[in-house]
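All residue numbers for the sequence shown refer to my numbering, where the first residue is 17 and numbers rise by one. Even glycine gets a Cβ: it sits at the ideal position worked out from N, Cα and C. For reference, the structure is listed below as structure tokens.
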Amino acid sequence: MEEKILKLKEQLENELSKVQDAAELESIRVAYLGKKGCITELLKGLKDLSDEEKKSFGQKVNLLKGEVSAKIDDYKVKLAEAEVLKEIEAMPEFDMSIPANLERGSYHPITLVQRECEKVFKSLGFVVEDYSEIVSEYECFEALNIPKHHPARDMQDTYYLENGQLLKTHTSAAQNAIYRKYKDALINEGKPIKAIFPGRCFRNEATDACHENTFFQMEGVMVGKDINISNLIFFMKTMLSEVFQRDIKVRLRPGFFPFVEPGFELDINCLICGGEGCPSCKQSGWLELCPCGMIHPEVLKAGGIDPEEYTGFAFGLGLTRLAMMKYGVKDIRDLNSGVLKSMEQFTDGE
Ligand code: DAH
17 MEEKILKLKE
27 QLENELSKVQ
37 DAAELESIRV
47 AYLGKKGCIT
57 ELLKGLKDLS
67 DEEKKSFGQK
77 VNLLKGEVSA
87 KIDDYKVKLA
97 EAEVLKEIEA
107 MPEFDMSIPA
117 NLERGSYHPI
127 TLVQRECEKV
137 FKSLGFVVED
147 YSEIVSEYEC
157 FEALNIPKHH
167 PARDMQDTYY
177 LENGQLLKTH
187 TSAAQNAIYR
197 KYKDALINEG
207 KPIKAIFPGR
217 CFRNEATDAC
227 HENTFFQMEG
237 VMVGKDINIS
247 NLIFFMKTML
257 SEVFQRDIKV
267 RLRPGFFPFV
277 EPGFELDINC
287 LICGGEGCPS
297 CKQSGWLELC
307 PCGMIHPEVL
317 KAGGIDPEEY
327 TGFAFGLGLT
337 RLAMMKYGVK
347 DIRDLNSGVL
357 KSMEQFTDGE
């Protein structure tokens, strides 16, 4: 019996030294200590011994059991340590000399509002288009039915480049390019044009709490067969209800813009007082939000689309104004101030 115990100890030592992973260790544990393990068998064999032998061998086998169990536990710890070391070795080099980024950045409120609008329009089947900030006079005015010397140009003075191009005064300046890009699919495949194009706009303005020389708009157009004012109202209402996360009431008032006929001012129910009347809505219960209308036949023609066959609506959403309303920004100039701390308060460090 004594010899058996010595042999088992040697054998265990030998087996443990070859163990590679936890599964192998577990099978050793089962082979020694499991229900049919060799130590369990030894304990079972005690019953055939005399009382005296039972006592002395019983103690020895129990001691062995404890030792084996402790050894296996030791190996478990060693294996786990080796695993961690392996993982550390596999990790990429970490450069301790790079300074830590102690403060998290945050998205600009206009970016947040723009993304939200894009998400909603995309889900309604609109494509999002990007367009340059420098455009031709034709794109910004003539193609939108605003000929030279038209009084509507007075309200949109801007910055001109030496080559005659200018910084766009409104996102409507991209309309012509959008119509040209998608007209073939409309005419040949009957695919309606559904696009939004957010962008930065510039105007020569005296700045105050409500006016800035640089601001953001988001233009949207839909052109197809039998597109009418109800379609316009539906899309605007859906988008605004999603952005403000509540059912938004809208109303249309007549408004003049040379590139739409009829043209409207779209107002929404005041978000502060819910329509009762308060200082924010000048007691009217309504807030002016988004000019829009049915695209003027001359504008469609300039884009290569036959106005006898197709109709469409367009809107110009003031993204800057929307962000001010959503985040309660009282002075438009804060948005371009670059004061990062003040940006964080709107976005909650998002
Ligand atoms: N582009 C106009 C502006 O900046 C806004 C506008 C009005 C856009 C009516 C539209 C529209 O698409 O239909 O003043």
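Assigned exposure category for residue i - 16 Cβ within 10 Å defines buried
{"i": "V100", "result": "exposed"}
{"i": "F110", "result": "With a pLDDT of 49 at F110, under the threshold of 50, the modelled position of this residue cannot be trusted, and the question is left open."}
{"i": "L22", "result": "exposed"}
{"i": "G354", "result": "exposed"}
{"i": "K346", "result": "exposed"}
{"i": "I288", "result": "exposed"}
{"i": "M171", "result": "exposed"}
{"i": "Y198", "result": "buried"}
{"i": "V46", "result": "exposed"}
{"i": "K60", "result": "exposed"}
{"i": "H186", "result": "buried"}
{"i": "A98", "result": "exposed"}
{"i": "G180", "result": "exposed"}
{"i": "F250", "result": "exposed"}
{"i": "L177", "result": "exposed"}
{"i": "T225", "result": "Checking the sequence shown, residue 225 turns out to be Ala, not Thr. Per the 10 Å Cβ criterion, exposed."}
{"i": "F231", "result": "buried"}
{"i": "P307", "result": "buried"}
{"i": "K184", "result": "buried"}
{"i": "V77", "result": "buried"}
{"i": "F273", "result": "buried"}
Residues bridged to residue i [DSSP beta-bridge criterion]
{"i": "T230", "result": "F218"}
{"i": "Y176", "result": "L182"}
{"i": "R269", "result": "E281"}
{"i": "F331", "result": "G236 and C308"}
{"i": "L303", "result": "I284"}
{"i": "D224", "result": "H227"}
{"i": "V276", "result": "I311"}
{"i": "I212", "result": "V144 and G236"}
{"i": "V367", "result": "Not covered by the structure: residue 367. The range shown for the chain is 17 to 366."}
CB-CB length for residue i against residue j, believed under 8 Å
{"i": "A201", "j": "E155", "result": "That belief does not hold up - the Cβ atoms of A201 and E155 are roughly 21 Å apart, past 8 Å."}
{"i": "I245", "j": "V276", "result": "The Cβ separation is near 11 Å, so there is no contact."}
{"i": "L41", "j": "Y123", "result": "51 Å between Cβ atoms; not a contact."}
{"i": "V136", "j": "A339", "result": "Actually they are not in contact, since the Cβ atoms of V136 and A339 sit about 15 Å apart, beyond 8 Å."}
{"i": "L95", "j": "A38", "result": "6 Å"}
{"i": "N220", "j": "Y175", "result": "7 Å"}
{"i": "P163", "j": "Y343", "result": "In fact, because the Cβ distance is near 39 Å, the residues do not count as touching under 8 Å."}
{"i": "F280", "j": "G309", "result": "5 Å"}
{"i": "L182", "j": "E153", "result": "6 Å"}
Among the options, the one whose alpha carbon lies nearest that of residue i
{"i": "I284", "options": "E277, S85, S296 and F273", "result": "S296"}
{"i": "V143", "options": "E314, N78, F73 and I209", "result": "I209"}
{"i": "G320", "options": "K51, N192, D350 and S43", "result": "N192"}
{"i": "L316", "options": "L305, F329, F280 and E304", "result": "F329"}
{"i": "Q299", "options": "C286, C217 and C306", "result": "C286"}
{"i": "G141", "options": "C133, S148 and N179", "result": "C133"}
{"i": "F157", "options": "D146, D173, Y147 and F73", "result": "D173"}
{"i": "T223", "options": "N352, Q36 and K34", "result": "N352"}
{"i": "L24", "options": "C54, F231 and S152", "result": "C54"}
{"i": "N161", "options": "I126, E314 and L248", "result": "E314"}
{"i": "E18", "options": "R267, P270, L49 and L58", "result": "L58"}
{"i": "L303", "options": "P274, L268 and F273", "result": "L268"}
{"i": "I194", "options": "E324, E145 and E153", "result": "E145"}
{"i": "L305", "options": "K265, T230, L65 and A159", "result": "K265"}
{"i": "K150", "options": "F218, A159 and I249", "result": "One detail in the question is off: residue 150 reads as Ile in this sequence, not Lys. It is F218 whose Cα lies nearest to the Cα of I150."}
{"i": "R196", "options": "I348, D64, S43 and A318", "result": "A318"}
{"i": "T56", "options": "D242, D322, G74 and D350", "result": "G74"}
CB contact check: residue i to chain C, cutoff 9 Å
{"i": "D146", "result": "The chain labelled as chain C is not found in the depicted structure, where only one protein chain is given."}
Specify whether the region 283-301 and the region 198-205 touch according to this definition: at least 3 beta carbon pairs, one from each stretch, less than 8 Å apart.
no
Given 8 Å, three or more beta-carbon pairs between the region 213-220 and the region 251-263:
no
Should the region 221-237 be regarded as contacting the region 157-170, the criterion being three or more beta carbon pairs within less than 8 Å?
no
Answer yes if the region 21-41 comes into contact with the region 85-99, meaning at least three C-beta pairs across the two stretches below 8 Å, and no otherwise.
yes
Sufficient close CB pairs (3 or more, under 8 Å) joining the region 319-336 to the region 221-235:
yes
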